[in-house]
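Protein chains in written order, with this note's numbering: chain A, 29 to 300; chain B, 15 to 313; chain C, 833 to 1152.
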């Protein structure tokens, strides 16, 4: 009945591709992604090494495949942290009285004004650079956007007459939040999650590039990019493949977010 | 008199106690600040409203958008607070009661809203929507009771398994009414319940409300912008304008001989078939003096 | 007399659904015609087809001719339609906010409407005419105001002034007062009637409100399920309806009767495109028989008639 929109399909396919790649990498990669082989340094793409090898003779395709795990892991944890804290905060801000709502949203703005990467670098400096610290820092930095989107959605739900009817029947605020508000902002959460996912993937790559993200030898797209720097003119392919992987992943999650937004938009739904 | 039917819990109300008494209620809303130095401006939604509704009465409130009628309803239902004044429901002053002591009100007073689209949670099954007030108030929400309610509002029993968007506007309004009746309330407040409905369906819903009010001996407060609908349903009416009640009286009298200038203007503005067929033009709607249609104009 | 608007066999479809079927109607010069119907009746789609404003995936066939325009409006391209719209043909929609440009002063918008079609000699004349037009809808002081500074009723009057700016031969009003309060409605209705009378423009007035049509219009068309089921002079149709739907509708809206129980039409209005074949009303009609599965032919003339196999008996029209 309902026609699928192209961005939903395209985004879904790209994201699915990344997920499948990550899953496959657990059981099979062409080579061991961390195997250093001085005999096969800086090989051009060939039938035995589709994407070539890097300066330590590691297979680039295998690294990209294993790196997709890091990317997904980063996205899931960062979005998880942001959603678990941001969604309740947003709903709370929508349902509470004027002044406490002000307090929540203004501290939210404060966090929003703080650069996400700077926060992650600070975390890295204090707790030591690791994938997990980077992810948590990115997650914390994504809380405000979640809280904002969810608050505006929850405000709309709070104004509906079914919430009024529930209050008139004597429902307390917490059950209203769980039974009425949360299910009706679920679509917003999904959309925001896919957009934040893309941001987290990009941030992890940037952090790894700067040396504050995933430490070696675990493969990460961002660090592959950083290591390719010195060969940018002699072997640009080393930058192209991880760069493309990052661009594709970000594009995929953004398209998915756009597609979900269109799909859930009630105004568009009414026209059908 | 306390009602002896099974639907009503025994009550110790004295005969003289009105179901609802509103005394000099004022409600101010602060507007967002426009200046750091000056205090936030205030909108006065209600400017000293007083009314009494007797038990078993069908009471209408008529007024145009922004007149304060919705605010007044919410205050009576304790969904909003007064700035000053007093609201007494069935002898209990609810003006400053905390939510946890409002249980009697939550059981005895229920609402039906205007928008059949927004009054039902789109993510809940009809069965759960109707059972919600029962669950909240700790009554066993039996499937039997839900079926009984669906039947009372003229829907089939299998309607409970479906979602609100699978119903038409009129059917959704029936579901709203079933939900309101679930906790066996004594007072029903209907806020523009037929304004969003097609004419051919409006009559069905008006009949349904009328029948249920009779059968269950409910006190009805019916709010509408449409005086002809109020006149059809209600015994007594209060006319609101700009946060005040400008006129109260038996609906027939107010409709036939409005005393306040605003009511006169309101009544004369209403286009009706008999008036139009008797030759009333749009200029007559503006005249401010309602002309009685000659009898027998509508065969 | 040559009619201003002649619609013939208009059919509107969206994908596999037929939303308006075989609608034919005419509006004579200076005539005020009402088109009444409930949700899903196709009344608004009919108006949009006449204007050539149907959404992209909605398809219209048939013929729409307008006096003074030498081509059919159905199938005409946007360039030719835009020369007609706002000139010979104007429309007032239900929602006045979206009909006005929020970033332009009201006076400029009215003046521009005339400049687009070159009906005034220049900017100064357009400005003077805009002042005059807004004065006629009793808004003398809003020239420099932006739409958001006006109330709903004021905005609808601006839209009306815009629509009447070029003295159209036909004004279409689609539920123009549904979003307004009843006292404001009275004023806007009166301004519409005076506006078309002063210009000898014809009016096609679309609404669900029987009493409004009876007050504003001379002739009425009743739509249900995408078809015109009855038409005729207002007094005849409302005092002696022949189609069972019209009869039921009038009875169900009669709030004036002393009886607390209203007569009702059973069932619900089906969703658009899901009306039965044959007589579109037969699933809700107490008089329906087997023959109603075939489409009822039109009885009577083009100006007074109905499409019903079991019509209500004709009454002598009341001498009002």
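Heads up, the beta-carbon is just placed ideally off N, CA and C, and yes, glycines get one too. The structure displayed is predicted, hence computed values, not measured ones.
Chain B contact residues for residue i, given Cβ-Cβ distances below 9 Å
| i | result |
| --- | --- |
| residue 870 of chain C | 212, 213, 214 and 215 |
| residue 192 of chain A | 88, 91, 93, 125, 127 and 133 |
| residue 77 of chain A | Going along chain B, no residue has its Cβ under 9 Å from residue 77 of chain A, so there is no contact; the nearest lies around 52 Å. |
| residue 212 of chain A | 135, 136 and 137 |
| residue 1040 of chain C | 212 and 213 |
Closer than 7 Å at the beta carbon, the chain B residues around residue i
| i | result |
| --- | --- |
| residue 188 of chain A | 132 |
| residue 1022 of chain C | 296, 297, 299 and 300 |
| residue 1080 of chain C | 214 |
With 16 other Cβ atoms within 10 Å as the buried cut-off, status of residue i
| i | result |
| --- | --- |
| residue 110 of chain A | buried |
| residue 123 of chain A | buried |
| residue 182 of chain A | buried |
| residue 92 of chain A | buried |
| residue 249 of chain A | buried |
| residue 155 of chain A | exposed |
| residue 321 of chain B | Nothing about residue 321 of chain B can be read from this structure; chain B reaches only from 15 to 313. |
| residue 1071 of chain C | buried |
| residue 254 of chain A | buried |
| residue 26 of chain B | Note on residue 26 of chain B: pLDDT 48, under 50, position unreliable in the model; no value is reported. |
| residue 283 of chain B | buried |
| residue 936 of chain C | exposed |
| residue 974 of chain C | buried |
| residue 910 of chain C | exposed |
| residue 195 of chain A | buried |
| residue 875 of chain C | buried |
| residue 837 of chain C | buried |
Neighbouring residues, chain C, relative to residue i (Cβ below 8 Å)
| i | result |
| --- | --- |
| residue 245 of chain B | 1087 |
| residue 288 of chain B | 1088 |
Coarse secondary structure for residue i, derived from DSSP in three states
| i | result |
| --- | --- |
| residue 1072 of chain C | coil |
| residue 1138 of chain C | strand |
| residue 236 of chain B | strand |
| residue 100 of chain B | strand |
| residue 44 of chain B | strand |
| residue 138 of chain A | helix |
| residue 906 of chain C | coil |
| residue 42 of chain A | helix |
| residue 870 of chain C | coil |
| residue 1056 of chain C | strand |
| residue 922 of chain C | strand |
| residue 1106 of chain C | coil |
| residue 894 of chain C | strand |
| residue 849 of chain C | strand |
| residue 1064 of chain C | strand |
Under 7 Å by beta carbon: chain A residues contacting residue i
| i | result |
| --- | --- |
| residue 150 of chain B | 197, 198 and 199 |
| residue 193 of chain B | 193 |
Contact set between residue i and chain A, taken where Cβ atoms lie within less than 9 Å
| i | result |
| --- | --- |
| residue 147 of chain B | 193, 194, 196, 197, 198 and 199 |
Listed by chain order, chain A residues near residue i by CB distance under 8 Å
| i | result |
| --- | --- |
| residue 120 of chain B | 196, 197 and 198 |
| residue 197 of chain B | 197 |
| residue 115 of chain B | Residues of chain A passing the Cβ test: none, with the nearest at roughly 11 Å. |
Per-residue contacts from residue i into chain C (C-beta, under 7 Å)
| i | result |
| --- | --- |
| residue 284 of chain B | 1014 |
| residue 221 of chain B | 1093, 1094 and 1096 |
| residue 218 of chain B | 1096 |
| residue 280 of chain B | 1014 and 1015 |
Contact set between residue i and chain B, taken where Cβ atoms lie within less than 8 Å
| i | result |
| --- | --- |
| residue 1139 of chain C | Going along chain B, no residue has its Cβ under 8 Å from residue 1139 of chain C, so there is no contact; the nearest lies around 18 Å. |
Contained alpha helix (DSSP H) runs [length at least 4] in the segment 948-976 of chain C, N- to C-terminal order: Here the runs fully enclosed are 955-968.
Every unbroken beta strand (DSSP E) inside the segment 234-299 of chain B [3 residues or more]: Taken in chain order, the complete beta strand (DSSP E) segments of 3 or more residues contained in the segment 234-299 of chain B are 250-255 and 258-264.
At a CB distance below 7 Å, what residues from the segment 975-1002 of chain C approach chain B? Give them in sequence order. Listed by position, the residues of the segment 975-1002 of chain C near chain B (Cβ gap below 7 Å) amount to none.
List in chain order: all unbroken beta strand (DSSP E) runs of 3+ residues lying wholly within the segment 992-1041 of chain C. Qualifying beta strand (DSSP E) stretches, in chain order: 1002-1006 and 1034-1039.
The segment 61-84 of chain B: which residues have C-beta closer than 7 Å to a C-beta of chain C, in chain order? Going along the segment 61-84 of chain B in chain order, one finds 78 and 79 with a Cβ nearer than 7 Å to chain C.
Give, in chain order, every unbroken run of the beta strand (DSSP E) that is at least 3 residues long and sits entirely within the segment 191-238 of chain B. Qualifying beta strand (DSSP E) stretches, in chain order: 201-205 and 233-238.
Quick one, which residues of the segment 153-187 of chain B are near chain C if we go by CB-CB under 7 Å, in chain order? Correct list: 182, 184 and 185.
Alpha helix (DSSP H) runs wholly inside the segment 188-227 of chain A, at least 4 long, in chain order: Runs of the alpha helix (DSSP H) inside the segment 188-227 of chain A: 189-196 and 201-204.
Interface residues of the segment 241-267 of chain B facing chain C [CB-CB below 9 Å]: So the list reads 241, 242, 243, 245, 246 and 247, given in the order they occur along the chain.
Cβ-based contacts, 9 Å cut-off: residues of the segment 904-931 of chain C near chain B: Those residues of the segment 904-931 of chain C placed with their C-beta closer than 9 Å to a C-beta in chain B do not exist.
Hey, which unbroken runs of the alpha helix (DSSP H) at 4 residues or more fall wholly within the segment 128-201 of chain B? The segment 128-201 of chain B contains these whole alpha helix (DSSP H) runs: 140-150, 157-166 and 183-195.
Could you please tell me which residues of the segment 1034-1065 of chain C, in chain order, have their CB closer than 9 Å to any CB of chain B? Cβ contacts with chain B: 1040, 1041, 1042, 1043, 1044, 1045, 1046, 1047 and 1048.
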